[in-house]
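Chains A and B supply the protein sequences, listed in that same order. With the numbering used here as the guide, the letters of the first sequence map in order to residues 1 to 200. With the numbering used here as the guide, the letters of the second sequence map in order to residues 1001 to 1200. Glycine is no exception: its CB is placed at the ideal position from the N, C-alpha and C atoms. Being a predicted model, the structure only gives us computed values, none of them experimental.
There are 2 protein chains.
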Amino acid sequence: MERLPIVERRAQLIRAALAVASRDGIEAATVRAIAAEAGVSLGVVHYCFEDKNELLRELGDAIAAQGVDRVELARLARPDAHRAIGAAITTRWEAMRAHRGVQLLGFELTTQGLRNPDLRGVATAQRDRNLRAAREMLDEAAAVANIRWTVPIQLLARFSVAAMDGVVLAWLVDDDDEAARAALSSLTTHLTTHTTPSRK
Amino acid sequence: MERLPIVERRAQLIRAALAVASRDGIEAATVRAIAAEAGVSLGVVHYCFEDKNELLRELGDAIAAQGVDRVELARLARPDAHRAIGAAITTRWEAMRAHRGVQLLGFELTTQGLRNPDLRGVATAQRDRNLRAAREMLDEAAAVANIRWTVPIQLLARFSVAAMDGVVLAWLVDDDDEAARAALSSLTTHLTTHTTPSRK
DNA sequence: GTCTATAGTTGGATAGAC
DNA sequence: GTCTATCCAACTATAGAC
């Protein structure tokens, strides 16, 4: 086996953890399974991480980081408010839909974080990232469509995140793409009612 | 130890499982811990249930059943649409807020159901119950306020469940009652825009 | 740095006495 | 029906050879 600097070894193990956990679930992501996935022996994992919780915390960071590819709205034709908001939400939805296992893993990590004090930060970090991403999305949609929001953006961001989470969870259960799209369309309409043309 | 008919013993063990799992999390709800909670020995659990999964399936039923105390809207003063819908949602929210551990357990059982084929039914049963409860809530609110819905109620029910789930999950993470209430108020407003006076 | 070997728990499940 | 005793598998973590 090749020798690696510890930082690269850690990165490799985090990738392996993400692969196992998103494919087989958080319960299946044992130290053994992760070591096997990475092709290293059990001891290596304990050499690279303080304990399993530290590895899971890094996994939480990794999953949150990959969820926030910035949405590109600039090239929209006829960017009215409804259209811009709809595009932003649809883009995010398609990104999530493409990684079913990762979405489920996100919920699993959140519940773990709510039970295990050692992983508390995973849950809150994920919420913070989601909120920030939603706020940026709303800001960008407003800029592109040349409107402004008539209620505090923090409120709208929170509602959007909650609605998104709920829609994704329902979709994980019943795998109904049409229903999910309809719900997101409803969310888009709702957000649009809280806009007004911005004066220049 | 007192002898009990097996059906009563099962009910007792399910109650114990609910107590342990809602208090300490699904991972802590081992057969051993449940037996201890009920004050019986380990073997008794295996005598009463085929295996652990069967017990968890019954637990799923139990948790779903207790969530659907029917909302009483009849005595509302001046039941306009917004008021009726708001009351229905608030009532349900207060019921959920009072049982934090149970709500978290619900999410844990759902994710388990999505990973473990043996528990698949737990996730879908919970979704079905929630959808039905939401539909009944919308029906009753419409009847009380003398309005009708301008979009298919199935769609509204689904959106309501998703939004509720998302709001509860966010609340579990940050424990912010005010933010939750604000989000639910936003949901109420959104639902109200899809009503129209019903002709008699 | 990496490996094998093993300690030390804890889990689900079962056998057999009473 | 109920209990104790036990089996066996899987887990995290560590010690020590190389």
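- Leaving aside the five residues that flank GLY1025/B on each side, the residues in its chain whose CB is nearer than 7 Å to its CB run, in chain order, GLU1108.
- Taking a C-beta cut-off of 9 Å against chain A, the contacting residues of the segment 1015 to 1047 of chain B are ASP1024, GLY1025, ILE1026, GLU1027 and ALA1028, listed in chain order.
- One thing to note: ARG1127/B has its Cβ within 8 Å of the Cβ of ASP174/A.
- Taking a C-beta distance under 8 Å as the contact criterion, THR1192/B and ILE1089/B do not qualify as a contact pair.
- The residue among ALA1038/B, ALA1062/B and ALA1180/B with its C-alpha nearest the C-alpha of VAL1102/B is ALA1062/B.
- DSSP places ARG1003/B in no beta strand (DSSP E); its state is neither H nor E.
- Per DSSP, THR30/A lies in no beta strand (DSSP E) and is assigned neither H nor E.
- Here SER1022/B has GLY1101, VAL1102 and LEU1105 as same chain residues with Cβ atoms under 6 Å from its own Cβ, once five neighbours each way along the sequence are excluded.
- Cβ proximity to chain A below 7 Å picks out GLY1166, VAL1167, LEU1169, ALA1170, LEU1172, VAL1173 and ASP1174 from the segment 1166 to 1177 of chain B.
- For the pair ARG15/A and ALA182/A, the Cα-to-Cα distance works out to about 34 Å.
- Neighbours of GLU108/A in chain B, taken as residues whose beta carbon is under 7 Å from its own, are THR1111 in chain order.
- Cβ-Cβ distances below 7 Å link ALA1141/B to LEU1073, ALA1084, ILE1085 and ALA1088 in the same chain, with the five nearest sequence neighbours on each side left out; the list follows chain order.
- When Cβ-Cβ separations below 8 Å define contact, ARG127/A makes contact with chain B.
- Counting of Cβ neighbours within 10 angstroms places PRO79/A among the buried residues, the total reaching 16 or more.
- For SER160/A, the closest of LEU172/A, ARG148/A, SER185/A and LEU59/A by C-alpha to C-alpha distance is SER185/A.
- Proximity of VAL161/A to chain B, defined by a Cβ-Cβ separation below 8 Å, is satisfied.
- Counting other Cβ atoms within 10 Å of its Cβ, ALA1065/B stays below 16 and is therefore classed as exposed.
- Rounded to whole angstroms, the separation of the alpha carbons of MET137/A and GLU1178/B is 24 Å.
- Under the three-state reduction of DSSP output, THR192/A falls in the helix class.
- By the Cβ criterion, the segment 142 to 160 of chain A is not in contact with the segment 1042 to 1062 of chain B, since fewer than three pairs of Cβ atoms, one from each stretch, lie closer than 8 Å.
- Not a single C-beta of chain A is nearer than 8 Å to the C-beta of HIS1099/B.
- Residues of the segment 1144 to 1157 of chain B whose Cβ lies closer than 7 Å to any Cβ of chain A, in chain order: LEU1155.
- Distance from the CA of PRO117/A to the CA of GLU1050/B, rounded to the nearest whole angstrom, comes to 33 Å.
- DSSP places ARG1148/B inside the beta strand (DSSP E), whose first and last residues are 1147 to 1149.
- Chain order gives the chain B residues near ALA179/A as ARG1158, where near means a beta carbon separation below 7 Å.
- Residue range 1081 to 1097 is occupied by the alpha helix (DSSP H) that includes ARG1097/B.
- With its beta carbon less than 8 Å from one in chain B, THR124/A belongs to the interface.
- Contact check for LEU131/A against ARG158/A passes: the beta carbons are separated by less than 8 Å.
- Closer than 8 Å to the CB of ARG115/A there is at least one CB belonging to chain B.
- The Cβ of LEU1059/B sits no closer than 8 Å to any Cβ of chain A.
- Here the C-alpha atom of THR1189/B lies approximately 28 Å from the C-alpha atom of THR124/A.
- The C-beta of MET1137/B comes no closer than 8 Å to any C-beta of chain A.
- Interface criterion met: the Cβ of HIS190/A is under 8 Å from a Cβ in chain B.
- In the DSSP annotation of this structure, the continuous segment of the alpha helix (DSSP H) that includes GLY113/A starts and ends at 100 to 115.
- Around the Cβ of LEU1042/B, a 10 Å sphere holds fewer than 16 other Cβ atoms; the residue is exposed.
- MET1096/B has a beta carbon lying at 8 Å or more from every beta carbon in chain A.
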